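Novice: Numbering (the working numbering), first residue to last: 373 to 544.
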């Protein structure tokens with residue numbers, strides 16, 4: 373296969389992945405959530421017990437500070453409860469509120485970010501390492517290797533759009 377055909381197939385694969393992620397983000401937007409918020413709600417909702425921010429970060433493969441911002445917004449909206457652990461007073465645990473559970477029932481059964489994480493976890497270790505090396509090279513070649521890797525679709529753009537929508541509704 374020539375380089376043009378290889379590049380085309382690679383671009384098509386990225387397009388499929390991005391389309392799935394964007395579709396999941398749009399589904400979240402219908403619930404007035406970002407894709408990242410829906411991912412966090414699903415992770416916490418599928419746990420058998422309340423989780424700490426660090427545990428949510430581990431389960432979403434994201435850094436703690438990003439998860440902290442996402443969960444704070446969900447607490448502010450009344451979808452997550454933040455409580456001190458009964459076992460360890462230093463530990464703060466997160467769980468879904470009744471409103472969070474109701475919203476989760478309305479949400480898509482699978483979130484593309486979860487499917488991507490699961491797919492990566494099923495790769496044989498040698499393939500995962502090879503993919504990592506290739507992605508490192510690709511990210512460097514695109515000159516984005518110095519950028520902070522946040523949760524996908526956790527940016528304020530979705531929040532700004534929702535805010536504009538609410539402001540417009542209030543004016544009418």
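Here a beta-carbon is modelled for each residue, glycine too, at the ideal position from N, C-alpha and C. None of these values were measured; they are calculated from a predicted model.
#1: Using the Cα positions of residue 436 and residue 464, report the straight-line distance between them to the nearest angstrom.
#2: Can you check DSSP and say which residues form a bridge with residue 453?
#3: What's the C-alpha gap between residue 412 and residue 521?
#4: Could you tell me the boundaries of the alpha helix (DSSP H) in which residue 497 lies?
#5: Which same chain residues, not among the five before or five after residue 468, have their C-beta less than 8 Å away from its C-beta?
#6: For the segment 507-516 against the segment 425-444, do three or more pairs of beta-carbon atoms, one drawn from each stretch, fall closer than 8 Å, so that the two count as touching?
#7: Please report how far the alpha carbon of residue 396 lies from the alpha carbon of residue 409, in whole angstroms.
#8: Using a threshold of 8 Å, state whether the C-beta atoms of residue 466 and residue 511 are closer than that.
Specialist: Quick answer:
#1: 13 Å
#2: 467
#3: 16 Å
#4: 497-513
#5: 413, 416, 417, 451, 452, 453 and 476
#6: no
#7: 11 Å
#8: no
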